[in-house]
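Novice: Mind looking over this structure? Questions follow.
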Amino acid sequence: MGKSLMIQGTASDSGKSILVAGLCRVLHQDGLKVMPFKSQNMALNSFITLKGDEMGRAQVFQAEAAGIEPDVRMNPVLLKPTSDRKSQVIFNGKVLCDMDAVEYHEFKPQLVEKISELYQELLQENDVIILEGAGSPAEINLNSRDIANMGMAKIADAPVLLVADIDKGGVFASIYGTIHLLKPEERARIKGIIINKFRGDIALLDPGLKMIEDLTGVPVVGVIPYAQLNIEDEDSVALSKVNRLYNPQKALDIAVVALSKISNFTDFNSLHMEPDVSVRYVFPGDQLGSPDILILPGSKNTLEDILYLKKAGLDHEIRRVHHEGKMIFGICGGFQLLGNMLHDPAQVESVHGSLEGLGLLNVETFFETEKVTTRVTAQIGDDQVSGYEIHMGKTINHEARAFAKITAANGITTERLDGAISQDRRVIGTYLHGIFDNSHWRRKLLNQARSARGLSEIQEVTIPYHEYKSQQYDKLADLLRENLDIERIYRIINQEESER
Ligand SMILES: NC(=O)CC[C@H](N)C(=O)O
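Quick note: the sequence shown, position 230, residue 230 per UniProt numbering, numbers continuous.
This is the structure we're talking about:
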């Protein structure tokens, strides 16, 4: 029977996901069978498992850090916001329906039993499960029906480590306030405090650590310095911190349009590994300039995003970049945006009915009520690539060329075409998320952009993305081993820490 440890935060973006990934790596390195778990995720950035189930992205990189294949049971509930009020509710990898916040709050008690059965199953299969909370456990208006923080800690009977972000300021108040807003039995679960994203002199911090320990009766088990690691983050809180400027020391300028409902922005993480590439995100009001490759990413709401692009004047700007002879690349929602028309008669995504797209690809998209979630293998020229599809839209290609030939979907051999390429070959659209993670094909595409600029091609292919990520997880584990009292954390996991 496995053991549990839960990481909760004093706020969103305090570093819970990364900490869970790092602890998964530490335990994995120590030879334990460890699995990440988050009962409920709210994110547009999702992933498709080998079985074709959809789950949150954070548990995917945590699973990689733990050295295991992502499994939908690691994230039973995924909420994908479709508008400011509604979310698509995904349970165990499949869409249940759209609900607003009140409907979901009413529905939650039905989930408790299911989640707890599933959790027991996972405990049987693992030595340790590291759970991640959501936001803060002190949302006192919602706590009666909580399944994400203390509600889940109770189901799992998990000791909790509370992480707080010192970079934001107010760290002691947020720790003290969070702990004191909890009920006594919840408070008793908190066995350690971690201060994250610290920059500065630890000698100055030390007296504060002692004081917060005395005030709360909870030991500080570590202070983690601010570190720059290229590790996938789950939601667009991370996107607001990304680079918005071209790094002129790099030969190729790749610009990704930051759509309002951007999904799967992790599609572009592997591009950061390339020595000749600068990746920047373009928000409304930013200069689009003249990028060598302009990328339109996925979108949870393509119709809303075409209106968003038009309102920001980015539609004209994207056409200008095309006229300048640059490459335009659309993935999923981005592919749909490039087409002539978007039709949503059943109001799957929005109430807008039919809208004109950017008109750069002769394709049109119809939104359907059934969602496609597949892991695929495909052929592009002589490259075999892998990727995954997550979409409700179906796109009819009137161009002469497709982008890829799909050869297997969810492990079953198939033959169908994906995507489209324009006549001038400079506009490319595909449904394949994760396409840039294919190192060999990625280099070919980058070389095409180099040739267009008269630059010589680079033959050397960088290390496979999964190897690069593995190195990053090891670095993260080193950072935690240096700055956390790992032995004490093991005692906490084993519930050997004496009661306060
Ligand atoms: N992942 C995406 O980009 C989805 C695109 C679009 N919203 C669809 O469902 O078809």
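Don't be surprised by glycine CBs; every beta carbon is placed ideally from N, CA and C.
For Leu-342, does the count of other Cβ atoms within 10 angstroms reach 16, so buried, or fall short, so exposed?
Specialist: In the sequence shown, the residue the question calls residue 342 occupies position 342. Looking at its Cβ environment, which holds 16 or more other Cβ atoms inside 10 Å, Leu-342 is buried.
Novice: Would the region 2-10 count as touching the region 139-159 if we require 3 or more Cβ pairs under 8 angstroms?
Specialist: yes
Novice: Does the Cβ of Ser-87 lie closer than 7 angstroms to at least one heavy atom of ligand 1?
Specialist: Walking along the sequence shown from the start, residue 87 turns up at place 87. No, ligand 1 has no heavy atom inside 7 angstroms of this Cβ.
Novice: Would the C-beta of Met-55 count as close to ligand 1, meaning under 7 angstroms from any of its heavy atoms?
Specialist: Taking the first residue of the sequence shown as 1, we reach residue 55 at position 55. Answer for Met-55: no, Cβ out of range of ligand 1.
Novice: My output table needs one value for Gly-135: the three-state DSSP class, helix, strand or coil.
Specialist: In the sequence shown, the residue the question calls residue 135 occupies position 135. In this structure, Gly-135 counts as coil in the three-state DSSP scheme.
Novice: Could you give the distance in angstroms between the alpha-carbon of Ala-136 and the alpha-carbon of Asn-149?
Specialist: Numbered from its first residue, the sequence shown carries residue 136 at position 136. Numbered from its first residue, the sequence shown carries residue 149 at position 149. The sequence shown places Ser at residue 136, not Ala. Rounded to the nearest angstrom, the two C-alpha atoms are 7 angstroms apart.
Novice: Using DSSP's beta-bridge definition, name the partner residues of Tyr-388.
Specialist: Here the question's residue 388 lines up with position 388 in the sequence shown. Beta-bridge pairing links Tyr-388 to Arg-375, His-433.
Novice: Should Asp-98 and Lys-86 be called a contact, given that it needs their Cβ atoms to be closer than 8 angstroms?
Specialist: Here the question's residue 98 lines up with position 98 in the sequence shown. Here the question's residue 86 lines up with position 86 in the sequence shown. In contact: Asp-98 and Lys-86 (Cβ atoms closer than 8 angstroms).
Novice: Any heavy atom of ligand 1 closer than 7 angstroms to the CB of Cys-332?
Specialist: On the sequence shown, position 332 is the one that residue 332 refers to. Indeed, a heavy atom of ligand 1 lies less than 7 angstroms from the Cβ.
Novice: Classify residue 501 as buried or exposed, calling it buried when 16 or more other Cβ atoms lie within 10 Å of its own Cβ.
Specialist: Residue 501 lies beyond the range of the chain shown here (1 to 500); nothing can be said about it.
Novice: Compare the Cα-Cα distances from Lys-197 to each of Met-211, Glu-274, Gly-222 and report the closest residue.
Specialist: Counting from one through the sequence shown, the residue named residue 197 turns up at place 197. When only C-alpha atoms are compared, the closest one is Gly-222.
Novice: Where do the ends of the beta strand (DSSP E) carrying Tyr-465 lie?
Specialist: Working through the sequence shown from its first residue, we reach residue 465 at position 465. Looking at the DSSP string, Tyr-465 is not in any beta strand (DSSP E); the run it does join, the alpha helix (DSSP H), is 465-483.
Novice: Where Ser-290 and Val-282 are concerned, what is the direct C-alpha to C-alpha distance, given to the nearest angstrom?
Specialist: Taking the sequence shown and counting its residues from 1, the one referred to as residue 290 is at position 290. Taking the sequence shown and counting its residues from 1, the one referred to as residue 282 is at position 282. Spanning the two alpha carbons is a distance of roughly 12 angstroms.
Novice: Would the beta-carbon of Gln-347 be found less than 7 angstroms away from any heavy atom of ligand 1?
Specialist: As a first step, residue 347 is located in the sequence shown; it is residue number 347 there, counting from the start. No, Cβ of Gln-347 sits at least 7 angstroms from all heavy atoms of ligand 1.
Novice: To the nearest angstrom, report how far apart Ala-58 and Gly-208 are at their CA atoms.
Specialist: For this step, residue 58 is matched to residue 58 along the sequence shown. For this step, residue 208 is matched to residue 208 along the sequence shown. Rounded to whole angstroms, the gap between the alpha carbons of Ala-58 and Gly-208 is 32 angstroms.
Novice: By Cβ distance, which residues of its chain are closer than 7 angstroms to Thr-430, with the 5 residues on each side in sequence left out?
Specialist: Along the sequence shown, one-based indexing puts residue 430 at 430. If the five residues before and after Thr-430 are omitted, its C-beta is found closer than 7 angstroms to the C-beta atoms of Ile-331, Phe-335, Phe-403, Ala-404, Asp-418, Gly-419, all from its own chain and listed in chain order.
Novice: Apart from the five residues on each side of it in sequence, which residues of its chain come closer than 7 angstroms, Cβ to Cβ, to Leu-229?
Specialist: Position 229 of the sequence shown holds residue 229. For Leu-229, where only same-chain residues beyond five positions count, the Cβ hits under 7 angstroms are Gln-472, Lys-475, Leu-476.
Novice: For the alpha helix (DSSP H) holding Ile-202, just list the boundary residues, first then last.
Specialist: Indexing the sequence shown from 1 puts residue 202 at position 202. Ile-202 -> alpha helix (DSSP H) spans 202-216.
Novice: By the three-class DSSP mapping on this structure, what secondary structure does Glu-349 have?
Specialist: In the sequence shown, counting from the first residue as 1, residue 349 sits at position 349. Glu-349: coil per DSSP, three-state reduction.
Novice: Relative to the C-alpha of Ile-195, which candidate in Ala-188, Ala-173, Glu-185 has its C-alpha closest?
Specialist: Here residue 195 corresponds to residue number 195 of the sequence shown, with the count starting at 1. With distances taken between Cα atoms, Ile-195 lies closest to Ala-173.
Novice: For Tyr-226, count neighbouring C-beta atoms within 10 Å of its own C-beta (all shown protein chains included) and say buried if the count is 16 or more, exposed if not.
Specialist: Mapped onto the sequence shown, residue 226 falls at position 226. Tyr-226 is classed as exposed because its beta carbon has fewer than 16 other beta carbons within 10 Å across all chains shown.
Novice: Taking the CB atoms as reference points, tell me whether Val-321 and Leu-446 lie closer together than 8 angstroms.
Specialist: Here the question's residue 321 lines up with position 321 in the sequence shown. Here the question's residue 446 lines up with position 446 in the sequence shown. In this structure, Leu-446 does not lie closer than 8 angstroms to Val-321 by Cβ.
Novice: I'd like to know if Met-1 contacts chain D, where contact means its C-beta is closer than 8 angstroms to some C-beta of that chain.
Specialist: The displayed structure is made up of one protein chain only, and chain D is not part of it.
Novice: Near Tyr-246, which residues of its chain fall below 6 angstroms by C-beta distance, leaving aside the five closest residues on each side in sequence?
Specialist: The residue given as residue 246 occupies position 246 in the sequence shown. Correct list, in chain order: Asp-253, Ser-278, Arg-280.
Novice: On the DSSP bridge assignment, give the partners of Ile-412 in chain order.
Specialist: Residue 412 sits at position 412 when you count from the first residue of the sequence shown. Its beta-bridge partners are Ala-409.
Novice: In whole angstroms, what separates the C-alpha of Val-257 from that of Val-77?
Specialist: The sequence position of residue 257 within the sequence shown is 257, counting from 1. The sequence position of residue 77 within the sequence shown is 77, counting from 1. Rounded to whole angstroms, Val-257 to Val-77 spans 29 angstroms at the Cα level.
Novice: I'd like to confirm the pairing. Which residues does DSSP put opposite Met-35 in its beta bridges?
Specialist: As a working note, residue 35 is residue 35 in the sequence shown. Met-35 is bridged to Ile-129.
Novice: Any idea what DSSP makes of Pro-81, helix, strand or coil?
Specialist: Position 81 of the sequence shown, counted from the first residue, corresponds to residue 81. If DSSP states are grouped into helix, strand and coil, Pro-81 belongs with the strands.
Novice: Name the residue from Glu-113, Asn-397, Glu-415 whose alpha carbon lies nearest to the alpha carbon of Thr-365.
Specialist: Residue numbering aside, residue 365 sits at position 365 when the sequence shown is read from its first letter. When only C-alpha atoms are compared, the closest one is Asn-397.
Novice: Hey, quick one: how far does the beta strand (DSSP E) through Asn-277 stretch, first residue to last?
Specialist: In the sequence shown, residue 277 corresponds to position 277, counting from 1. The sequence given here places Val at residue 277; Asn does not occur at that position. First-last of the beta strand (DSSP E) with Val-277: 277-282.
Novice: Any idea if His-28 is buried or exposed, counting beta-carbon neighbours within 10 angstroms, 16 or more meaning buried?
Specialist: Translated into positions along the sequence shown, residue 28 becomes position 28. The residue is buried, with at least 16 neighbouring Cβ atoms inside 10 Å.
Novice: Just how far apart, CA to CA, sit Ser-127 and Asn-494?
Specialist: Taking the first residue of the sequence shown as 1, we reach residue 127 at position 127. Taking the first residue of the sequence shown as 1, we reach residue 494 at position 494. Note on identity: in this sequence residue 127 is Asp, with Ser being the wrong assignment. When rounded, the distance between both Cα atoms is 11 angstroms.
Novice: Quick check: is any heavy atom of ligand 1 less than 7 angstroms from the C-beta of residue 518?
Specialist: Coverage of the chain is limited to positions 1 through 500, which leaves residue 518 absent and any answer about it impossible.
Novice: Would you call Asn-141 buried or exposed, if buried means 16 or more other Cβ atoms sit within 10 Å of its Cβ?
Specialist: In the sequence shown, residue 141 corresponds to position 141, counting from 1. When all chains shown are included, Asn-141 counts as exposed.
Novice: Would DSSP call Leu-111 helix, strand or coil?
Specialist: As a working mapping, residue 111 is identified with position 111 in the sequence shown. If DSSP states are grouped into helix, strand and coil, Leu-111 belongs with the helices.
Novice: Here's the rule: buried if 16 or more other CB atoms are within 10 angstroms of the residue's CB, otherwise exposed. What is Leu-338?
Specialist: Position 338 of the sequence shown, counted from the first residue, corresponds to residue 338. Leu-338 comes out buried.
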